[in-house]
Amino acid sequence: MTAPFPTRKQEEWRYADLEALQPVWEQLGEPERIAILPGQSLEQVWLPSGDPVQVRRVKLELGAGAVARIFALNTAEQYGRIELEVDLADGAEFEFFAANIGTGLSTNEIVSNVRHLEPNATSRQVVRSVLNGKAVGTYLGKIEVARDAQKTDAEQSVKAMLLDRGATANAKPELEIFADDVKCAHGATVGELDPMQLFYAASRGLDPAGARALLLEGFVVGLWDTTAHGDAIREAARDALRMVVS
72 MTAPFPTRKQ EEWRYADLEA LQPVWEQLGE PERIAILPGQ SLEQVWLPSG
122 DPVQVRRVKL ELGAGAVARI FALNTAEQYG RIELEVDLAD GAEFEFFAAN
172 IGTGLSTNEI VSNVRHLEPN ATSRQVVRSV LNGKAVGTYL GKIEVARDAQ
222 KTDAEQSVKA MLLDRGATAN AKPELEIFAD DVKCAHGATV GELDPMQLFY
272 AASRGLDPAG ARALLLEGFV VGLWDTTAHG DAIREAARDA LRMVVS
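So the mapping is simple: my numbering equals the position in the sequence shown, first residue as 1, plus 71.
Here it is, written out as structure tokens:
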């Protein structure tokens with residue numbers, strides 16, 4: 072059974088393009104469920120499909136000592152959403168490296184809820200957004216640390232680069248902690264390209280678009296340096312960045 076259509080009152084759908092989502096909602100169904108057995112590992116690279124509306128909803132369940140690493144790129148030209156629910160057992164490790172790249176009137180968002188249910192688990196989320204025109208890029212990320220989840224180590228790093236004054240970046244990293252022996256951190260920044268760096272790149276012979284593309288590539292593409300399967304996602308990101316600066 073398909074879940075009820077979301078409303079703007081629900082925080083996790085606050086910035087969503089509901090008009091774009093409505094025609095495809097019936098096709099989505101429940102989130103895909105992936106269970107990683109104790110001691111096992113999973114690594115996935117999520118590439119954009121090329122469709123104007125792209126939604127990926129996944130629920131990960133990590134057993135004791137399991138490891139999951141997700142590398143994702145979100146570039147839908149109308150509405151893109153990556154939605155993650157993650158449950159971590161004792162000693163599990165979760166890493167998520169993702170980027171929103173939006174242009175024109177697009178809305179791209181990443182929504183995650185990582186639940187540390189047992190001790191000694193670690194999670195790291197690194198999200199970057201590059202936006203021009205009137206594009207919207209959003210990260211809503213919640214980390215929940217249960218009362219028994221001592222020795223939790225959780226981190227969220229969110230940065231956005233706005234190339235036009237009409238673009239919008241939303242960032243809401245959130246912590247809900249009930250244990251007392253934990254290490255949790257989050258940070259969010261929104262900025263523009265550094266004029267001095269652009270000047271330096273131009274002095275080396277790059278045209279303005281090339282200089283912007285080079286700096287943005289450094290801002291985004293390094294997200295996927297730690298995966299052996301990153302060539303395709305890095306090339307897709309470069310293609311998207313060329314559209315953003317053109």
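For each residue, glycine too, the CB sits at the ideal point set by N, CA and C.
Q) Going along the chain, which residues of its own chain have a beta-carbon closer than 8 Å to the beta-carbon of ALA61, five neighbours each way excluded? A) The chain is shown from 72 up to 317; residue 61 falls before or after that span and cannot be answered.
Q. What residues are listed by DSSP as bridge partners for GLN125?
A. What you label residue 125 is simply residue 54 of the sequence shown in a count that begins at 1. Beta-bridge pairing links GLN125 to GLY151.
Q.
On a Cα-Cα basis, can you pick out the residue from SER274, ALA206 and SER194 that is closest to ALA220?
A. Taking the first residue of the sequence shown as 1, we reach residue 220 at position 149. Here the closest residue by C-alpha is SER194.
Q) Roughly how many angstroms separate the alpha carbons of ALA163 and GLU154, rounded to a whole number? A) Here residue 163 refers to the residue found at position 92 when the sequence shown is read from its first residue. Here residue 154 refers to the residue found at position 83 when the sequence shown is read from its first residue. Straight-line Cα distance between these residues: approximately 20 Å.
Q) Nearest-angstrom Cα distance between VAL207 and MET232? A) What you label residue 207 is simply residue 136 of the sequence shown in a count that begins at 1. What you label residue 232 is simply residue 161 of the sequence shown in a count that begins at 1. Answer to the nearest angstrom: the Cα atoms are 11 Å apart.
(Q) Checking 8 Å against the spacing of the C-beta atoms, do LEU277 and VAL201 come in under that value? (A) Residue 277 sits at position 206 when you count from the first residue of the sequence shown. Residue 201 sits at position 130 when you count from the first residue of the sequence shown. For LEU277 and VAL201, no; Cβs fall outside 8 Å.
Q. Which residues in the same chain have their Cβ closer than 6 Å to the Cβ of VAL292, if we skip the five residues on either side of it in sequence?
A. If you number the sequence shown from 1, residue 292 lands on position 221. Answer for VAL292: ARG305 and ALA308, listed in chain order.
Q.
Is the beta carbon of ALA256 closer than 8 Å to that of ALA272?
A. Here residue 272 corresponds to residue number 201 of the sequence shown, with the count starting at 1. Here residue 256 corresponds to residue number 185 of the sequence shown, with the count starting at 1. No, these two residues do not count as a Cβ contact at 8 Å.
Q.
If I measure Cβ to Cβ from ARG128 and keep anything under 7 Å in the same chain, skipping five residues before and after, which residues do I get?
A. Sequence index remark: in the sequence shown, residue 128 carries index 57 (1-based). Answer for ARG128: LEU99, PRO102, GLU103 and GLU154, listed in chain order.
Q. How is ASP158 classed by DSSP in three states: helix, strand or coil?
A. On the sequence shown, position 87 is the one that residue 158 refers to. In this structure, ASP158 counts as strand in the three-state DSSP scheme.
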